[in-house]
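Q: Counting in the UniProt record's numbering, the sequence shown tops out at residue 515, every number present.
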Amino acid sequence: MAKCHRNDIGFIALDRPSTATSSTGNNFRLWTAFTGAAFRRKIFDAVSCGASSRHRHQLMQEMLNDTGSQSQPPPPTTTMKSVLKEFNDPKKADKVVKKPNSNGKSEKLADLLNLVETETAAETKRKVEALEELKRVVKELQVEDKERNVQAASRVRSLTKEDSEARVTVPMLGSIPPLVAMLDFQDSDSQIAALYALLNLGIGNDANKAAIVKAGAVHKMLKLMESPNKPNQAVSDAVVANFLGLSALDSNKPIIGSSGAIPFLVKSLKILDTNSRSQARHDALRALYNLSISPSNISFISEADLIPFLLNALGDMEVSERILSILSNVVSTPEGRKGISIAPEAFPILVDVLNWTDSPGCQEKASYILMVMAHKAYGDRQAMIEAGIVSSLLELTLLGSTLAQKRASRILEVLRVDKGKRVSENFGGNMNAAVSAPICGSSSSSSTNLNGKECLVEEAGMMSEEKKAVKQLVQQSLQNNMRRIVNRANLPQDFVPSEHFKSLTASTTSKSLPF
1 MAKCHRNDIG FIALDRPSTA TSSTGNNFRL WTAFTGAAFR RKIFDAVSCG ASSRHRHQLM
61 QEMLNDTGSQ SQPPPPTTTM KSVLKEFNDP KKADKVVKKP NSNGKSEKLA DLLNLVETET
121 AAETKRKVEA LEELKRVVKE LQVEDKERNV QAASRVRSLT KEDSEARVTV PMLGSIPPLV
181 AMLDFQDSDS QIAALYALLN LGIGNDANKA AIVKAGAVHK MLKLMESPNK PNQAVSDAVV
241 ANFLGLSALD SNKPIIGSSG AIPFLVKSLK ILDTNSRSQA RHDALRALYN LSISPSNISF
301 ISEADLIPFL LNALGDMEVS ERILSILSNV VSTPEGRKGI SIAPEAFPIL VDVLNWTDSP
361 GCQEKASYIL MVMAHKAYGD RQAMIEAGIV SSLLELTLLG STLAQKRASR ILEVLRVDKG
421 KRVSENFGGN MNAAVSAPIC GSSSSSSTNL NGKECLVEEA GMMSEEKKAV KQLVQQSLQN
481 NMRRIVNRAN LPQDFVPSEH FKSLTASTTS KSLPF
């Protein structure tokens, strides 16, 4: 009787062949007539459960043929699991394990992260080093050693020239008080180093501007300029530049104006006008412009005799527009208007600016000043008319910029109303008798005016002097414009306008005029 036993994984293995066959439970007995190939085919048929896949059957047949070609029987340890595994898991080609590409996205991302970390670490290190340097510089400012103070001030000047972060950090470390204290030093090198360090600290930083003024820098600067010893011109220019920077802050304007800085700036401007140092001259004008924005400083400007100087300086195209900007602020207060009104030749100078066709900005500002003066000051209107403002305004309404045309029209309207009032007063308040013809067909005129023709003759005879003057001015303005057009077109100088153009210039119905 054949002996059978079960292996570790539950399959039956045969130790030797047997002549009898029986089945008991899950155990099998095989006849000796079965060869090894037939045995494997029986196992395959039992497991495949009648599967009819042609491709799978062919593979199994090849495997059985290969097995049947062997002369010796299978080893005793051959099991059903091993046979099935050979069929179900045929030998596959070794797969090539692909390594991650060194240029893949993951590696790129890792490189970027590493780079960011490296840059962040380097940036942090740089900031720490910069902070330590600023601390050393401020500490040098606070020691009682003049040479070290000057070197530290020069270092502050260079560090804060273009670094906005340094302008915030250095004052927080306490640099402003020692820099202001350096203005009391007697040597010009220390003064210049401190002044320019303070100037750079205030660039684009309103908090520093307020802190510098609060530390008493304005009074120390003025004291420096009022010293018995004539100050160095470089020191004076540095003070002017500081006033320009500090006056940009609105809260500093009244403090600087009331401290006595305006007379110093006016005096410096007059000196600079003769020496013609362009940068310092512009700094002084811009500082005065900043201060003129505050109405409380207009009285100081008037007392400093600045207005006549500015009016006389008009004509220098390098500074004329800035001067007119200052006068535009000055005219906003009664003190300023009075200062302009009493200035010699003020209105002829301003009227002349209206004719600067090559400078529209100057025309606009001059027309604004004259418009405010004509609207606010009744007594100045006659002075404007005597200066020839009407013809200039008429020309401006035709050739000026849009803003200049509007302002010129406003001034003409004010002058027209004012002249109408004076005419009314001259005729005892009977305005209609002065500027209009009698109504035809009325009961009061029926006896004298018998027909329409007589009415027209009477109307022509009653034309006011105002309308005649306007008609003449319009004709002159149009003829002047025609001459300019002829010159620009390079036409012969003896060019004579046509009769059609003359007929146009005789008309007073131009829509560009306010009448």
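Glycine included, every Cβ here is placed at the ideal spot set by N, Cα and C. It should be emphasised that the depicted structure is a prediction, and the values quoted were computed from it without experimental measurement.
For K220, report the span of its alpha helix (DSSP H) as first-last.
A: 217-225
Q: Identify whether V351 lies in helix, strand or coil by the three-state DSSP scheme.
A: helix
Q: Within its chain, find whatever has a CB closer than 7 Å to the CB of residue 569; leave out the 5 residues flanking it on each side and keep chain order.
A: The first residue shown for the chain is 1 and the last is 515, placing residue 569 beyond what the model contains.
Q: Under the rule that 16 or more other beta-carbon atoms within 10 Å means buried, what is G287, buried or exposed?
A: In the sequence on display, residue 287 carries Ala and not Gly. Buried: at least 16 other Cβ atoms inside 10 Å.
Q: Nearest to K393 by alpha carbon, out of L403, I411, A377?
A: For the record, residue 393 in the displayed sequence is Leu; it is not Lys. Ranking L403, I411, A377 by Cα distance to L393 puts I411 first.
Q: Could you check what DSSP says for P344 in three-state terms: helix, strand or coil?
A: coil
Q: When you compare only the Cα positions, how much space is there between C362 and L195?
A: 35 Å
Q: Between I326 and S299, is the Cβ-Cβ spacing less than 8 Å?
A: no
Q: Just verifying my parser: in three-state terms, what is the DSSP assignment at N229?
A: Annotated three-state conformation of N229 is coil, per DSSP.
Q: Pick helix, strand or coil for M317, following the three-state DSSP scheme.
A: coil
Q: Does the separation of the CB atoms of V351 and I307 fall below 8 Å?
A: no
Q: Secondary structure at N114, three-state DSSP: helix, strand or coil?
A: helix
Q: Is S292 close to the ligand MN? I mean its beta-carbon at under 7 Å from any heavy atom of the ligand.
A: The ligand MN is absent from the structure shown, which contains no ligands of any kind.
Q: So, L141 versus A153, is the Cβ gap smaller than 8 Å?
A: yes
Q: What does the Cβ neighbour count give for Q191, buried or exposed, with the cut at 16 atoms within 10 Å?
A: Q191 is buried by the Cβ-count criterion.
Q: Taking D250 as part of the alpha helix (DSSP H), name the residues at either end of that continuous run.
A: From DSSP, D250 is part of no alpha helix (DSSP H); its letter is neither H nor E.
Q: Quick check on DSSP: helix, strand or coil for K146?
A: helix
Q: What residue range is occupied by the uninterrupted alpha helix (DSSP H) comprising I298?
A: 298-303
Q: Express the C-alpha separation of S164 and K139 in angstroms, rounding to a whole number.
A: Cα to Cα, the separation comes out at about 20 Å.
Q: Thinking just about the alpha-carbon of each residue, which of A110, T120, F347, I176 is nearest to the one in V137?
A: I176
Q: Compare the Cα-Cα distances from P344 to each of R157, K365, F309, R148 and report the closest residue.
A: F309
Q: State buried or exposed for A110, treating a residue as buried only when at least 16 other CB atoms are found within 10 Å of its CB.
A: exposed
Q: Since R337 and K376 are thought to touch, with beta carbons under 8 Å apart, how far apart are those beta carbons, to the nearest angstrom?
A: 6 Å
Q: Below 6 Å CB to CB, which residues in the same chain sit around residue 519 once its five sequence neighbours on both sides are set aside?
A: Since the first residue of the chain shown is 1 and the last is 515, residue 519 is not available in this structure.
Q: Do you know offhand how far M182's Cα is from M221's?
A: 11 Å
Q: Taking the straight line between their C-alpha atoms, what separation do you get for L265 and V331?
A: 20 Å
Q: Which whole-angstrom value describes the C-beta separation of S302 and G257, a residue pair presumed to lie in contact below a C-beta threshold of 8 Å?
A: In fact, because the Cβ distance is near 12 Å, the residues do not count as touching under 8 Å.
Q: Does V213 pass the burial test, meaning 16 or more other C-beta atoms within 10 Å, or should it be called exposed?
A: Buried, because 16 or more other Cβ atoms sit within 10 Å of the Cβ of V213.
Q: Between which two residues does the alpha helix (DSSP H) holding G361 run?
A: Segment 360-376, the alpha helix (DSSP H) holding G361.
Q: Considering only C-alpha positions, which residue in the set L324, P334, E386 is nearest to S367?
A: Among L324, P334, E386, the Cα nearest to that of S367 belongs to L324.
Q: Going by DSSP in three states, K161 sits in which element: helix, strand or coil?
A: coil
Q: Could you give the residue range of the alpha helix (DSSP H) that holds M182?
A: Neither: M182 is in no alpha helix (DSSP H) and is coded neither H nor E.
Q: Identify which residue in M317, L173, L198, L370 has its Cα closest to the Cα of T160.
A: The candidate whose alpha carbon is nearest that of T160 is L198.
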